Amino acid sequence: MKVDRDALISTIGKMKSEGFDYLLKITAVDYVDHVDSIYILRNFDTSKDEILEVTLDPADLWVPTIIGMHPSADWYERELCEMFGIAIKGRNASRLILEKWDGVDPPSRKSFAWYAPYKTIDDNK
Amino acid sequence: MNLQNDLANLLNIPYWMSSTNIIHNIVGIIIYIIVISIAFSIFGYMVGWLERKLIARAQYRHGPTYVGMWGLLQNMADLIKLLSKEDVIPENADRMLFAASLPLLLALSIFIVLLLPYSPGLQAANLGFGLLIVFTIISFMPLLLFTAAFSSGNKFADISAQRSVLILLSYELPILLVVVSVAALSGSYNLAGIVASQSSSHYFALLLPIGLVVFFIAMLAEFERPPFDLREADSELIAGWLTDVSAPYYALALFLDYARMFLGSIIISILFFGGWLGPSILPPFAWIIIKALIISVFIIIVRATTFRMRIDRVLRFGWVWLIPLSLLNLIITYIVIIPFVK
Amino acid sequence: MTVTRINVGPVHPSTHGVIRLVVDLEGDTIVNVEPHIGFLHRGVEKLAESRMYMQIPPYMEKLDYVAPMSYNEAYVATVETAMGIQVSERSQYIRVILLELQRIASHLLSLGTLCNDIGQTFTAFMWAFKDRDIVLDLLQEATGSRMFYVNMRLGGLREDLPADFSEHTLNTMDYLEKRIPEYVAYLEKNPIFTERMKGIGVITRDEAKQLGVTGPVLRASGVNYDVRRSNAYYVYSKLHFTPKSLQDGDNFSRYKVRILEIQESVRLVKSALKALPEGNAKGMQVKLRSPNPVNRISVVNRELPKGECMMYMVADPQKPYRLSIRSPSFINLAAINHMAKGERFADLFGILGTLDIIMGCVDR
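Chains as they are written, first to last, in this note's numbering: chain A, 4 to 128; chain B, 2 to 343; chain C, 3 to 366.
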């Protein structure tokens, strides 16, 4: 289900009242021209999962935090912020969780430099 | 002087050793100290080996097998390994206290060993208040652990030190109350007198079963055996007061762990199981060692099977169960046992 | 009262791997626990984007090195979903048998380390490892390896089961059926054990949903959700699988749920072996070129021993475009602050033990 970023909070809130009260995962996929932030919610009574996709513009990467409705989003949002460089509005998610990385280039983005150009000592001179 | 005669008989020392000459006396006592300390070390070592073997058997393992026959020399190999390592004293430790605590603990253990009687007359000093002196020294041991822990400047050791004091406060009292009942029953604070007042049908273990149970549990806590090994709780505090203790001191700490267990077993066998008393097929000192070894085995089995208690539960157990039971034991001793049984 | 800050780990006897917990203590009571993870982060998700589909299973197995086959199966099932490959019925049965054996092994290890964490001198640990070893022998017989199996292939397995496997497994299951009650008697008759477990680290039903915990931790809190029944895959519904759940949500329920799950797995393995149909169990050989995926996005949920795993895969020809793994240990560990707050310092390790985290799975 595609969701607009501005409608994310209200959608998740509405779904929570409908029984989708368990957050399974927050993740993201980098499609180079756009980044999808993905929220997977679960209804335990009907055993149904619902996948919400929020399409983001790479130039304007942020999502609102849902930590108020789902406290379990805490670490997922931090991971999102660290691995995809997606800013989380409404909370401080900047503390690194998985990597001891200076955060210049988010590792899970496609633009991440896999193999840093090899430099010899002579090149540095 | 019985001591020199006995020693002379035991070790086949020439007669001049057992004379009443003061110099000969001093030489005799020094030899006694050396012999008993070595014997104590050997038995402490053996108990260490026994513990490793028994716990291994409880866990479907074989324990040490390679070094020496049945792995008897494994502890020696560990000792040599530890002695060959670098001794590191942490930067923010109080060097003097840190270095002094464990040797002092060893010294106190040997002091107690010397005060205990092993057979009639085989005792360095037969003091009138020997029992009280032994337990005074025993209560110093947690204090030494406390100084060792606090002087190392490690936070885990700090927690261990606090626990040490808490256990000291709540488990010292039941021990002393039971000791008082034992003294009342035998009519003396003299250790040799306590043994002599028991006979094979009148072991204090039979007269004071509650006292024995309380004393055994409190001694487990006193010598930090499981389930009361909160001071070096390895799954929580890494090694507690031993966290920053390295190489030679650690070897000493390991040895003391075993040696103090054996010491506690000897004390229990003297107070409750009639010390050296037993059929004359074996010499008296053999009986006390056999009894102590059996008690040690029991302590080891407790260690192999039980879990560690939490500090608040340990304290509650001490105050809610052990102290009332030891008081009950004292009352029964005075009201029932002394008037009717004796 | 002053607050002491203690650093537990990364090097500590009972942290189950490399994790650092910054614990604030007020006296002996925990005020706050701040887990620092990432010491074992290997970037598996990113690594998967640069490998061919069937080059990835060895990486997946290293995520959870206590139950490697479960992760491997979850990944292979995701690829099968993406490519629309059917698994033959015999392979389904064999997969269920092997996965349940893996679950027994994992839970036994969890039980042993839990006993160590609450302060036993390795006795129950050794017993559990001895029994786990017997189960690993079976897995070795079936796959040829004891730790990392890599025996799942698209549409089946690398090898069919050996001839004697059924008989050996039934014998072992009979042994375990007698053995597990011995653990229960030994542990639960010990007052120190029950005292250290009951009422510690409580998560209520609502809190469990809020915190997002999964697997045995979730079921111990009264949420009777198990992917094997609610979202049944393979032949679990034919084997009449019933999930085990308890209501209390404390350490004891979490331990007990694992014990019950071992017994249920033993039952499952026995009935699956009895119902094992004839047929082909071999999957596709690993080739340089694998079939092209038919689904762009495939989502697969699996009940691992540690909890529910979800693989979200965006498929490209020949390699995944993006593989996102929902690791159960990761989200279970995130709940530790809530569980440990207000408990004694010594109980932190009991809680950590009942969470049954594997750091390779947490950090990915």
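Yeah, the Cβ is synthetic: ideal placement off N, Cα and C, and Gly gets one too.
Bear in mind that the values here come from a model prediction, so they are computed numbers and not experimental data.
- Assigned with DSSP and collapsed to three states, A:His73 falls in coil, not helix or strand.
- Under DSSP, the beta-bridge partners assigned to A:Trp65 are A:Ala90.
- A residue is called buried when at least 16 other Cβ atoms come within 10 angstroms of its Cβ; C:His18 meets this threshold and is buried.
- By DSSP's assignment, C:Asn34 forms a beta bridge with C:Asp26.
- In this structure, the alpha-carbon of B:Ala197 lies about 9 angstroms from that of B:Gly276.
- C:Leu350 is positioned such that its CB atom lies closer than 8 angstroms to that of C:Ala342.
- With respect to the C-alpha of A:Phe115, the residue from C:Val13, C:Gly45, C:Val259 having the closest C-alpha is C:Gly45.
- Residues of chain C whose Cβ lies closer than 7 angstroms to the Cβ of A:Val32 are, in chain order, Val316, Arg324.
- Taking the beta carbon of C:Ser232 as reference, the chain A residues within 7 angstroms of it are Ser50, listed in sequence order.
- Between the stretch 138–145 of chain B and the stretch 67–79 of chain B there are fewer than three inter-stretch CB-CB distances shorter than 8 angstroms, so the stretches are not counted as touching.
- In this structure, A:Leu44 and A:Leu26 form a Cβ contact; the two beta carbons are roughly 6 angstroms apart against a cut-off of 8 angstroms.
- About 21 angstroms separates the CB atoms of A:Asp77 and A:Glu56; that is not less than 8 angstroms, and the two are not in contact.
- Below the 7 angstroms Cβ cutoff, chain B contributes Ala234, Ser236, Phe308, Arg309 as neighbours of C:Gly121, in chain order.
- The C-alpha of B:Gly265 lies about 7 angstroms from the C-alpha of B:Met220.
- Listed in chain order, the non-local C-beta contacts of B:Ile211 below 6 angstroms within the same chain comprise Leu326, Asn330, local neighbours out to five positions each way being set aside.
- DSSP places C:Ala283 in no beta strand (DSSP E); its state is neither H nor E.
- Within chain C, the residues placing a beta-carbon under 8 angstroms from that of A:Tyr25 are Lys211, Gly214, ordered along the chain.
- With contacts defined as CB atoms closer than 8 angstroms, C:Leu110 and C:Ile264 qualify as a contacting pair.
- For B:Asn93, the secondary structure class from DSSP, reduced to helix, strand or coil, is coil.
- Going by DSSP, C:Gly309 is part of the beta strand (DSSP E) stretching over 309–317.
- When DSSP states are grouped into helix, strand and coil, C:Thr6 belongs to the strand group.
- Interface residue (Cβ-Cβ distance to chain C less than 8 angstroms): A:Asp77 is classified as such.
- Here DSSP, grouped into helix, strand and coil, assigns C:Arg269 to helix.
- Of all alpha-carbon atoms in C:Val204, C:Gly251, C:Thr171, the one lying nearest the alpha-carbon of C:Val225 is that of C:Gly251.
- Residue burial annotation: C:Lys289 is exposed, with fewer than 16 other C-beta atoms found within 10 angstroms of its C-beta.
- According to DSSP, residue pairing for C:Ile299 in a beta bridge involves C:Val316.
- Residue environment: C:Gln88 is assigned as exposed (fewer than 16 neighbouring CB atoms within 10 Å of its CB, all protein chains considered).
- Nearest CB-CB separation between C:Arg221 and chain A: not below the 8 angstroms threshold.
- In the three-state reduction of the DSSP assignment, A:Glu56 falls in the strand class, which pools E and B.
- Inter-segment contact for the stretch 49–61 of chain C and the stretch 110–119 of chain C is absent: fewer than three beta-carbon pairs are separated by less than 8 angstroms.
- For A:Ser40, the uninterrupted beta strand (DSSP E) run begins and ends at 38–46, by DSSP.
- For C:Arg346, the pairing in a beta bridge is given by DSSP as C:Thr31.
- Neighbours of C:Glu47 across chain A, judged by C-beta separation under 7 angstroms: Ser111.
- Under DSSP, the beta-bridge partners assigned to A:Val32 are A:Asp39.
- C:Asn334 sits close to C:Leu357, with the two beta carbons spaced by under 8 angstroms.
- Taking B:Thr306 as reference, the option from B:Arg226, B:Ile32, B:Gly279 with the minimal CA-CA separation is B:Arg226.
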